[in-house]
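Colleague:
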């Protein structure tokens, strides 16, 4: 049985290597925020790291860009005092979800492009992990109790499909809405889907 290769940063001076990796990721995020799609050497130059060193951490652009994807994985985007009313709770969630998407917009745009490109064997862009479905299900928890006939999972998938970063990009880039208008559009869309599910139930 062949041994798995050990990542470069997991050997030797691990704390220093961790800082170097973080500097490269931070540089990549800064370049993305400026509208660039950086190569490994671009991140190395911004971070003040040699190209040779940078390629030890990220052998290609794809691995670098995936590392720059937001790594925040809270269980929920709602505060502890979120309302119990299903409509008010969903509105509060949509405000937080849209803010999250706009805060991480450059990285999410890049991850979306990667998700549409052919993938090397075994890779899985972070955008496809579907963690937002769990956030939405948590926001819809009162519906599960008050309206047991509603398929909350199915509703969460529908809301995600119509309100995520893909929808926001289309509303801003194609429909010409401002970010404020786009946020209101996805909020109304989520509300309409919830209203329809409750009505059908």
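Residue numbers (full-length UniProt numbering): 1 to 201.
Where a beta carbon is used, it is the ideal one built from N, C-alpha and C, also for glycine.
All of these numbers come straight from a predicted model, not from anything done at the bench.
1) Quick one: what's got a C-beta closer than 7 Å to residue 92's C-beta in the same chain, skipping five residues either side?
2) Between residue 203 and the rest of its own chain, which residues show a CB-CB distance below 7 Å, the 5 nearest in sequence each way excluded?
3) What are the uninterrupted segments assigned as alpha helix (DSSP H) that are 4 or more residues long and contained completely in the region 19-64, given in chain order?
4) Could you give the first and the last residue of the continuous alpha helix (DSSP H) run that contains residue 110?
5) Please classify residue 16: is it buried, with 16 or more other beta-carbons within 10 angstroms of its beta-carbon, or exposed?
6) Going straight from the alpha carbon of residue 193 to that of residue 25, what length do you get?
7) Just how far apart, CA to CA, sit residue 55 and residue 63?
8) If you count every other CB in all the chains shown that lies within 10 Å of the CB of residue 127, and 16 or more means buried, which is it?
9) If we ignore side chains and look at the alpha-carbon of each, how far apart do residue 186 and residue 68 end up?
10) According to DSSP, is residue 86 part of a helix, a strand, or is it coil?
11) Buried or exposed: which applies to residue 60, given that a residue is buried once 16 or more other Cβ atoms fall within 10 Å of its Cβ?
12) Can you give me the Cβ contacts of residue 80 inside the same chain, cut-off strictly under 6 Å, excluding the 5 residues immediately before and after it?
13) Between the alpha carbons of residue 76 and residue 159, how many angstroms are there, rounded?
Modeller: From the atom records:
1) 78, 82, 83
2) Limits of the chain in this structure are 1 at one end and 201 at the other, which puts residue 203 out of reach.
3) 40-47, 51-57
4) 105-116
5) Residue 16 should be labelled exposed.
6) 37 Å
7) 10 Å
8) Its pLDDT being 49, under 50, residue 127 is placed unreliably by the model, and nothing is read from it.
9) 26 Å
10) helix
11) exposed
12) none
13) 16 Å
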